[in-house]
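Step one of this worksheet: look at the structure below.
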Amino acid sequence: ANVIPVQDSKNVPNLFNLPGMLANNRSDIQLIEGDVAVPVHTGRTVYTPSPKWPNGIVPFEFDGPFTDEQKNIIIGAMTTISQNTNNCIRFVSRANNPVWLRIHSGQG
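Using UniProt numbering, the first residue of the sequence shown is number 1, and each one after it goes up by one.
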């Protein structure tokens with residue numbers, strides 16, 4: 001499996017000042033890089049042999065209370081990712097996609 005080393009997220013600032021983002025209160029998951037929920041038994045590596053985002057299209061939806069400003073910041077970051085990858089990665093609002101990115105406001 002290809003593994004990218006990541007920095008521990010103990011001192012990552014809470015840029016969005018979202019509730020519950022200062023601590024992980026769940027025992028069944030660990031947070032990698034401060035925002036990626038991974039089951040405890042997988043350790044720091046998560047590997048899936050099949051591509052989750054065919055053709056680089058990443059469907060997403062917001063889950064929970066985000067202000068318009070917070071949504072705009074997140075969408076702006078997605079736009080930057082798309083531009084910096086020459087649109088090899090594109091984010092689209094989820095319709096009925098079976099696999100999608102859920103942007104969760106809150107814990108876990």
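For each residue, glycine too, the CB sits at the ideal point set by N, CA and C. Keep in mind that this is a model prediction, so the values were computed, not measured.
Close-in-space but distant-in-sequence residues of the same chain around W100 (CB under 7 Å, 5 per side omitted): P59, F60, E61 and R94
With a CB to CB cut of under 8 Å and the five nearest residues on each side skipped, what residues in its chain are close to N97? P59
In the structure shown, what three-state DSSP assignment does A37 receive? strand
A1 (DSSP reduced to helix, strand or coil): Residue placement at A1 is flagged as unreliable, the pLDDT there being 41, under the threshold of 50; a coordinate-derived value is accordingly withheld.
Short of 7 Å in beta carbon distance, which residues of its chain neighbour I74, apart from the five on each side in sequence? Order them along the chain. I103
Hey, how far is the Cα of D68 from the Cα of N84? 24 Å
Just to check my reading of the structure: P65 and S105 have Cβ atoms closer than 8 Å, yes? What is that Cβ distance to the nearest angstrom? 6 Å
From the DSSP output, which residues share a beta bridge with E61? R102
What are the start and end residues of the beta strand (DSSP E) that includes S82? From DSSP, S82 is part of no beta strand (DSSP E) but of the alpha helix (DSSP H) over D68 to N84.
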